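Asks: For the sequence shown, UniProt numbering gives the first residue as 1, with consecutive numbering after it.
My structure is below; once you've seen it, I'll send some questions.
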Amino acid sequence: MSAAPGTARGGDLANPRQDATLMVEGGAGEMRAITRADTYEIKAPPPPDPDAQHRMSIKAPQVVKTIESLRNKGEGRRFEPDVTRNPYAPKTWVSYLAATRDDFSFAERRLIYERALQLLPRSYKLWRLYLDEVEEAVRDRWHTSGRAKVLVLLYERCLMHLSKMPRLWLEYVDVLEKMKKGTQLRHAFDRALRALPITQHDKVWPRYVQWAESCGIQQVALNAHTRRCMFEPQRREAFCDYLVAQNNHGKAAAELAKCLEDNDFVSPSGKSKHQLWMRLCDLCAAHPEELPSSLDVDQIIRSGLSRFRDEVGRLWCKLADYYIRLGRFEEARNVYEEAVTTVVTARDFGLVFDAYSRFEESVLEAKMAKLEEEPEEEEAERNVYEPTAQEEIDFRLARLEHLMERRPLLLSSVLLRQNPHSVSEWHARADICKDDPAKAIECYSDAVKTVDVYKATGKPHTLWTAFASYYASRNDLANARVVLERAVEQDFRTVDDLASIYCFWVEMELQREHHEEALAVARKAVLEPQRRRRLHKEQIPVQEKVHRSSKLWSLYLDLEESLGTLDSARAAYDRCLELKVATPQIVANYASMLEEKEYYEDAFGAYERGVALFHWPHVRELWFGYLTAFHARYGGTKLERSRDLYEQALRKAPPSDAATLLVDYAKLEEAHGLGRRAMAVYERAALAADDERAFGAWRLYAAKVERAYGAPKARGVYERAVKALNVDDDAKKMCLAFASLERGLGEVDRARAILAHGAQFADPRLDDHYWQTWRDFEVQHGNEDTFREMLRVKRSVETARSSAVYVADGLLKTDAPLMSDAEAERRMAGDQPASKKRSADEGGAAETEMAALERQAARIVEATSQKAPAADPNEIDLDDDDSDDDGEQVLSTKPVPAAVFGSAAAQAAEMSEPQGALARFQKKAS
């Protein structure tokens, strides 16, 4: 037995006895190798008993016999020579074992496995088959079968050679778990972790921790989790979950704190630092008595206050809850007080204040319940220095009421911490404290000290005025004046803020009927500083610019006018005009004051200075006031001066105001001057008026001319009006008025020609009044032919208007750029400007004198005298018996136009036959 394992050669196996000896020695050698496993840091199983070698020696002849029987049995005859010739080929042994699976017994197959593994101890495939076959032979009898112990020994032998195989270790621990070998299983896990490289530990730890949690011994699980966290720090969160499930909150909080201290820690479940921190705070607040002394809960939560600004309210509540659970109520109250005075959002304040009030109510209820259960001690037994139970209840009740009363003030403090420069919030805080003078004054003092005028939201000067008003409302004018004196010395963002303070000061004095003081304050406000520093405009303090405030000057001038003398008021107005801070209203007031005192020329001088300071349209009221006052004073006595004033006003006046001034000018000329000049001014007014006022100006001009010179003279005005008006609707109305004039004069043909000219401005689909007027005119004064001509013109205009609409609609359906209606009509008219009326050749209003009217009348008379007029494609044939004769053409003669004879032709026609188209239609029908 001196041969070492694995030193035999393949040819030596031909001798069965020698094979058996080697196998036995190999078996003993394996046992010795296992006992020397300390060199591999693998704990060996207990050594065999001393009689094992003897029993194995006794069985050696039987082994030899078994090998001899295998050579002569079944598949052994074929495979035994192969394994003898090539003993180091694993494929041969595997084929041998597969072929004899059904023929050989379990003992015979074990002998084959032992012989193969004696030669190939590191063959994973042979060990795999051997272990599976032995495990199958156990047949779930893990506690009663002896083969289970054999399986354990086989795993130990296998792991001696294949200790780097994690799968074998896991199967080994599965076998030990089925056999309920707890200690041996724990040792197997430890040996596996020591034997395997660290890169393969992740295959062992999940199984190890799972078994440790299910074994029922908490310390084993804690140790397993702790060791795993050293290997995988990311698993510390799962360890915390396990500790919480085991109600070990102190250890869980400690582990969670380690997670937060590790800057590289990333939660496997995807939780953020904020969520982990809040969970730690929840654990600390809910189980303060279980926490280890190494955790400073107060410092942990306070550090969270600075890191997580959106959870400040919850963190304050948890810190107070921590002290409440420890029974340290005074410290909890201090925490609540600190919280309500430091939070900066209304939501956090609501959380903290509600928790604070519930805490006080619960303490009060507990004291009351205790008083009901335990009667108060006798007077002799009670310590005189300790309050009674009833006194303590009254004290806590007063504390709760005081807390509720402080809520609006505390909430205001929160809003001011958000924005200490909010003027409206300071006013709201002062309104809360208005019933307590000391608090109100302190509030206003803090407000004016805190608010920065350049960062303020609102009007910071209102804080000073409200401060002074609070003193004034309590009849303390001395302190109110002190506040205002300090206010006017402060820096403000705009001059208007300082001016508002001076105005408030003056009004306060006036309300108390201190007129002299009010006037003195106003004079002080507008007093120009004696020494003016040369600074940039933005760097000049408002105290050096407030004397140019129009608001202050308006107030001061009113006071001087009411309380001062005439000379002082005039000096103040003159100074205001010199500084060029006057407004048109101030100039008007100055002039009005002088007029009341009958200083008319001085008043006109004030108007002159005012109109020199301002431009249109601001000077509009001054000019109208000036001209009205001058006309009321002098009337027509100083006509040339009045004319100069009107001409001066008209130089830069816009059209809208120029028309009004010219009308007033014309009325002046009409009342005190020459009619010819008056008509010229009316014409200027009509020409200067804008489109909105042009129609009214021309109508007024025409009415004045008609009244002054008669209707025939007004014809030229109407002609020029139709030519000058740019709005079609106005031109149409003017044509109707012109036609009415001619109709009144008996000039029917001229009226018809005017109506025909104005038809181009009236859309038949929209303007029924115009066409109804023309129809009534033709019914009364025309005949069948003139009525036909009216209908033809109507159809032509309607067709032209419809074509413009169709063209515009076609353009909308294409990619071409959009055109306005005016552009479309201009395109249809041959690219002529749409705003212009038809030229003289087209019968438009551009013809001078009576040329257009004569031509229109001639065309209408020609239409009435011709028997067969030329066919018009747009004309509708009213007679059924009309026909086109293409035969011999008859030359027609052109009569003399009726316009040459004037009204005489119309009178002759009336004498010869009845007038009117209706009568002619009746005659034809009969």
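From the three backbone atoms N, C-alpha and C, an ideal C-beta is built for every residue, glycine too.
Predicted model only: the values in this text are computed from it and were never measured.
Among the candidates THR462, ALA398, ARG396, whose CA atom is the shortest distance from the CA of GLU425?
Replies: Counting from 1 along the sequence shown, the entry for residue 425 is found at position 425. When each option's Cα is compared against that of GLU425, the closest is THR462.
Asks: At a cut of 8 Å, does the segment 743 to 751 reach the segment 767 to 775 through at least three beta carbon pairs?
Replies: No, because fewer than three Cβ pairs between the segment 743 to 751 and the segment 767 to 775 fall closer than 8 Å, the two stretches do not touch.
Asks: Hey, how far is the Cα of LEU319 from the Cα of VAL343?
Replies: The sequence position of residue 319 within the sequence shown is 319, counting from 1. The sequence position of residue 343 within the sequence shown is 343, counting from 1. C-alpha separation (whole angstroms): 14 Å.
Asks: Please report the straight-line C-alpha distance between LEU668 and ASP691, rounded to a whole angstrom.
Replies: The count along the sequence shown starts at 1 and reaches residue 668 at position 668. The count along the sequence shown starts at 1 and reaches residue 691 at position 691. When rounded, the distance between both Cα atoms is 25 Å.
Asks: Take the Cβ of LEU415 as the centre, count every other Cβ of all protein chains shown within 10 Å, and call the residue buried at 16 or more, exposed below.
Replies: Your numbering for residue 415 matches position 415 in the sequence shown. Label assigned to LEU415: buried.
Asks: Distance check for ARG358 and MET508, CA to CA, integer angstroms please.
Replies: By 1-based counting over the sequence shown, the position of residue 508 is 508. By 1-based counting over the sequence shown, the position of residue 358 is 358. Taking the straight line from one Cα to the other gives about 48 Å.
Asks: If we ignore side chains and look at the alpha-carbon of each, how far apart do ARG325 and GLU360 end up?
Replies: Here residue 325 refers to the residue found at position 325 of the sequence shown. Here residue 360 refers to the residue found at position 360 of the sequence shown. Taking the straight line from one Cα to the other gives about 14 Å.
Asks: Can you give me the Cβ contacts of PHE504 inside the same chain, cut-off strictly under 6 Å, excluding the 5 residues immediately before and after it?
Replies: For the purposes of this step, residue 504 is taken as the residue at position 504 of the sequence shown. Taken in chain order, the residues that qualify are THR465.
Asks: Three-state secondary structure (DSSP) at SER549?
Replies: Reading the sequence shown from its first residue, position 549 is the one you call residue 549. SER549 falls in the coil class under three-state DSSP.
Asks: What would DSSP say about SER422, mapped onto helix, strand or coil?
Replies: Counting from one through the sequence shown, the residue named residue 422 turns up at place 422. Here SER422 sits in strand by DSSP.
Asks: Count the other CB atoms, across all protein chains shown, that sit within 10 Å of the CB of TYR573; report buried if there are 16 or more and exposed otherwise.
Replies: Taking the sequence shown and counting its residues from 1, the one referred to as residue 573 is at position 573. Its Cβ being crowded by 16 or more others within 10 Å, TYR573 is buried.
Asks: Hey, how far is the Cα of PRO460 from the Cα of ALA680?
Replies: In the sequence shown, the residue the question calls residue 460 occupies position 460. In the sequence shown, the residue the question calls residue 680 occupies position 680. PRO460 and ALA680: Cα-Cα distance of roughly 60 Å.
Asks: In the DSSP assignment, find the alpha helix (DSSP H) that holds HIS187 and state where it starts and stops.
Replies: Start at 1 with the first residue of the sequence shown, and residue 187 comes out as number 187. Its alpha helix (DSSP H) spans residues 182 to 195.
Asks: Have a look at LEU170, GLU289, VAL266, GLN219 and flag the residue whose alpha-carbon is nearest the alpha-carbon of ARG235.
Replies: Your numbering for residue 235 matches position 235 in the sequence shown. For ARG235, the nearest C-alpha among the options comes from VAL266.
Asks: Would you decide whether ARG788 is buried or exposed? Buried here means 16 or more other CB atoms lie within 10 Å of its CB.
Replies: Indexing the sequence shown from 1 puts residue 788 at position 788. Counting Cβ neighbours within 10 Å, ARG788 comes out buried, since at least 16 surround it.
Asks: Exposed or buried, what is TYR556 when buried is set at 16 or more other beta-carbons lying within 10 Å of its beta-carbon?
Replies: Sequence index remark: in the sequence shown, residue 556 carries index 556 (1-based). Answer is buried; the Cβ neighbour count reaches 16.
Asks: Select from ARG396, ALA428, ALA468, ALA456 the residue whose C-alpha is nearest the C-alpha of residue 941.
Replies: The shown model of the chain, from 1 to 926, leaves out residue 941, and the question about it has no answer.
Asks: With DSSP as the reference, label THR494 as helix, strand or coil.
Replies: Here residue 494 is taken as the residue at index 494 of the sequence shown, counted from 1. Coil, per DSSP.
Asks: Can you name the start and end residues of the alpha helix (DSSP H) that ASP436 belongs to?
Replies: Numbered from 1 along the sequence shown, position 436 holds the residue referred to as residue 436. Here ASP436 belongs to no alpha helix (DSSP H), and DSSP marks it neither H nor E.
Asks: Is it true that the CB of ALA659 sits closer than 7 Å to the CB of ALA697?
Replies: Numbered from 1 along the sequence shown, position 697 holds the residue referred to as residue 697. Numbered from 1 along the sequence shown, position 659 holds the residue referred to as residue 659. Taking 7 Å as the Cβ cut-off, ALA697 and ALA659 qualify as a contacting pair.
Asks: Can you give me the start and stop residues for the alpha helix (DSSP H) that CYS215 sits inside?
Replies: Position 215 of the sequence shown, counted from the start, is the residue given in the question as residue 215. Neither: CYS215 is in no alpha helix (DSSP H) and is coded neither H nor E.
Asks: At the level of alpha carbons, what is the spacing between THR628 and ALA582?
Replies: Position 628 of the sequence shown, counted from the first residue, corresponds to residue 628. Position 582 of the sequence shown, counted from the first residue, corresponds to residue 582. Going by the C-alpha atoms only, they are around 21 Å apart.
Asks: Let me confirm a value: LYS704 is counted as buried when at least 16 other C-beta atoms fall within 10 Å, else exposed. Which label applies?
Replies: Stepping through the sequence shown from its first residue, residue 704 is reached at position 704. Buried is the call here.
Asks: Nearest to TYR88 by alpha carbon, out of ALA107, ARG110, PRO121?
Replies: On the sequence shown, residue 88 is found 88 positions in, with the first residue counted as 1. Cα-wise, what sits closest to TYR88 is PRO121.
Asks: Pop quiz: PHE231 and TRP211 are said to be a contact at Cβ under 8 Å. What is the actual Cβ separation, rounded to whole angstroms?
Replies: Indexing the sequence shown from 1 puts residue 231 at position 231. Indexing the sequence shown from 1 puts residue 211 at position 211. With a Cβ gap of about 16 Å, PHE231 and TRP211 do not count as contacting.
Asks: Closest to ALA98 by CA distance: which of ARG85, LEU126, PRO81 is it?
Replies: Position 98 of the sequence shown holds residue 98. The residue with the shortest Cα to Cα distance from ALA98 is LEU126.
Asks: Can you tell me where the alpha helix (DSSP H) with GLY744 in it begins and where it stops?
Replies: On the sequence shown, position 744 is the one that residue 744 refers to. Segment 728 to 744, the alpha helix (DSSP H) holding GLY744.
Asks: To which residues of the same chain is ALA721 closer than 6 Å at the C-beta, ignoring the five residues directly before and after it?
Replies: Residue mapping note: residue 721 aligns to position 721 of the sequence shown, counting from 1. Closer than 6 Å at Cβ, skipping near neighbours: TRP698, MET734.
Asks: Starting from the Cα of ALA253, find the closest Cα among MET404, CYS215, ASP296 and give me that residue.
Replies: Position 253 of the sequence shown holds residue 253. Considering only alpha carbons, the answer is ASP296.
Asks: Rounded to a whole number of angstroms, what is the C-alpha to C-alpha distance between GLU485 and HIS514?
Replies: Reading the sequence shown from its first residue, position 485 is the one you call residue 485. Reading the sequence shown from its first residue, position 514 is the one you call residue 514. About 17 Å.
Asks: Can you tell me whether SER293 is buried or exposed, with buried defined as 16 or more other CB within 10 angstroms of its CB?
Replies: By 1-based counting over the sequence shown, the position of residue 293 is 293. Exposed, by the Cβ-count rule.
Asks: DSSP beta-bridge partners for THR457?
Replies: Reading the sequence shown from its first residue, position 457 is the one you call residue 457. In DSSP, THR457 forms a bridge with SER422.
Asks: Which residue wins for smallest C-alpha separation from ASN475, given the options PHE329, LEU755, PRO437, ILE112?
Replies: Numbered from 1 along the sequence shown, position 475 holds the residue referred to as residue 475. Among PHE329, LEU755, PRO437, ILE112, the Cα nearest to that of ASN475 belongs to PRO437.
Asks: Considering only residues of the same chain and omitting the five flanking positions on each side of ALA739, which have a CB-CB separation below 6 Å?
Replies: By one-based count along the sequence shown, residue 739 stands at place 739. Around ALA739: ALA751, ILE754, LEU755.
Asks: What's the gap between the Cα of ASN248 and the Cα of ARG328?
Replies: As a working mapping, residue 248 is identified with position 248 in the sequence shown. As a working mapping, residue 328 is identified with position 328 in the sequence shown. Rounded to whole angstroms, ASN248 to ARG328 spans 23 Å at the Cα level.
Asks: Below 8 Å CB to CB, which residues in the same chain sit around TYR454 once its five sequence neighbours on both sides are set aside?
Replies: Counting from one through the sequence shown, the residue named residue 454 turns up at place 454. Correct list, in chain order: ARG493.
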